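Here the sequence shown is numbered in the working numbering, starting from 49 and rising by one per residue. The beta carbon of each residue, even a glycine, is placed where N, CA and C say it ideally should be. Predicted, not measured: the structure shown is a model, and the values here were computed from it. Since the structure comes first, as structure tokens, the remarks are kept for the end.
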Amino acid sequence: MFNSTRKRFNVFTLFLFSLLFSAGFASAQCPRFFDGTLALSSNPLWVSCSGTSYNLILQSDVTIGPFTVNFGDGSPVASYPGLIPPAFVSHSFPSTIDTFNVTIITASGCTIIGKVVMEKNVNASIQIPVGGVTATCAPATLQFINSSTNVSKTTRFIWDFGDGSPLEYYDWTNAGQIVNHTYLKNTV
Numbered sequence: 049m050f051n052s053t054r055k056r057f058n059v060f061t062l063f064l065f066s067l068l069f070s071a072g073f074a075s076a077q078c079p080r081f082f083d084g085t086l087a088l089s090s091n092p093l094w095v096s097c098s099g100t101s102y103n104l105i106l107q108s109d110v111t112i113g114p115f116t117v118n119f120g121d122g123s124p125v126a127s128y129p130g131l132i133p134p135a136f137v138s139h140s141f142p143s144t145i146d147t148f149n150v151t152i153i154t155a156s157g158c159t160i161i162g163k164v165v166m167e168k169n170v171n172a173s174i175q176i177p178v179g180g181v182t183a184t185c186a187p188a189t190l191q192f193i194n195s196s197t198n199v200s201k202t203t204r205f206i207w208d209f210g211d212g213s214p215l216e217y218y219d220w221t222n223a224g225q226i227v228n229h230t231y232l233k234n235t236v
């Protein structure tokens with residue numbers, strides 16, 4: 049009796065398992081794509097620091113059915129019939145300094161959002177405002193202009209005023225801005 053119950057249980061389990069597969073539950077996991085470091089990622093990041101055009105390669109380690117890609121650069125949404133490894137899809141971004149969200153949507157309902165960051169090496173530069181004070185006795189406040197170039201949305205600035213005060217952190221919008229710093233007595 050134990051064996052016949054066990055056989056019925058196994059048959060039922062196999063039936064349920066095959067039903068789940070046919071309903072698509074087993075394939076519900078979204079594909080991952082190789083990022084700029086050739087690691088598989090659910091949210092891939094591709095970075096180009098050359099300042100020239102960039103050729104994005106979309107490639108996965110699994111077969112993907114029909115899918116669309118919005119490359120985030122204003123080009124039309126592209127439709128593809130599928131992708132079987134080692135095949136890939138490529139898209140060329142023109143030379144620019146910008147960040148693009150790449151949205152991949154599969155026919156099975158998966159949405160993968162990646163990011164292409166195109167930038168040049170930042171040329172860090174600090175200047176004194178025209179007519180600004182270049183020498184003073186502490187305590188006093190001095191002004192500096194962040195005149196850095198080749199700044200992109202991923203640029204982060206760290207200001208160290210050399211007087212032991214805490215570092216100041218700014219995002220990319222600090223470029224072109226004036227930063228005030230007060231030097232205390234006995235610090236300069």
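- Under the three-state reduction of DSSP output, T151 falls in the strand class.
- DSSP, reduced to helix, strand and coil, places T221 within a helical segment of the structure shown.
- In this structure, H229 and F209 form a Cβ contact; the two beta carbons are roughly 5 Å apart against a cut-off of 8 Å.
- Contact between F141 and Y102 holds: their C-beta atoms lie close to 5 Å from each other, under 8 Å.
- Of the residues assessed, V170 falls on the buried side of the cut-off, its CB having 16 or more other CB atoms within 10 angstroms.
- Sequence-distant partners of G84 (beyond 5 residues in either direction) whose C-beta falls short of 7 Å from its own C-beta, in its chain, are L93, W94 and V95.
- Annotation: V125 is outside any beta strand (DSSP E) and is labelled neither H nor E by DSSP.
- With contacts defined as CB atoms closer than 7 Å, I193 and Q175 qualify as a contacting pair.
- Taking a 10 Å sphere around the C-beta of I132, we find fewer than 16 other C-beta atoms and assign the residue as exposed.
- Taking a contact to require three or more Cβ pairs closer than 8 Å, the segment 179-193 and the segment 108-121 do not qualify as touching.
- Remark: C-beta atoms of T147 and V165 approach each other more closely than 7 Å.
- When the five nearest sequence neighbours on each side are left out, the beta carbons in the same chain lying within less than 6 Å of the beta carbon of A172 are those of S196, in order along the chain.
- Ranking Q191, Y231 and P134 by CA distance to the CA of G224 puts Q191 first.
- In terms of Cα proximity to N222, the closest of L104, D211 and W207 is W207.
- Contact check for R80 against L88 passes: the beta carbons are separated by less than 7 Å.
- For R204, the uninterrupted beta strand (DSSP E) run begins and ends at R204 to W207, by DSSP.
- Under the three-state reduction of DSSP, L86 is assigned to coil, being neither helix nor strand.
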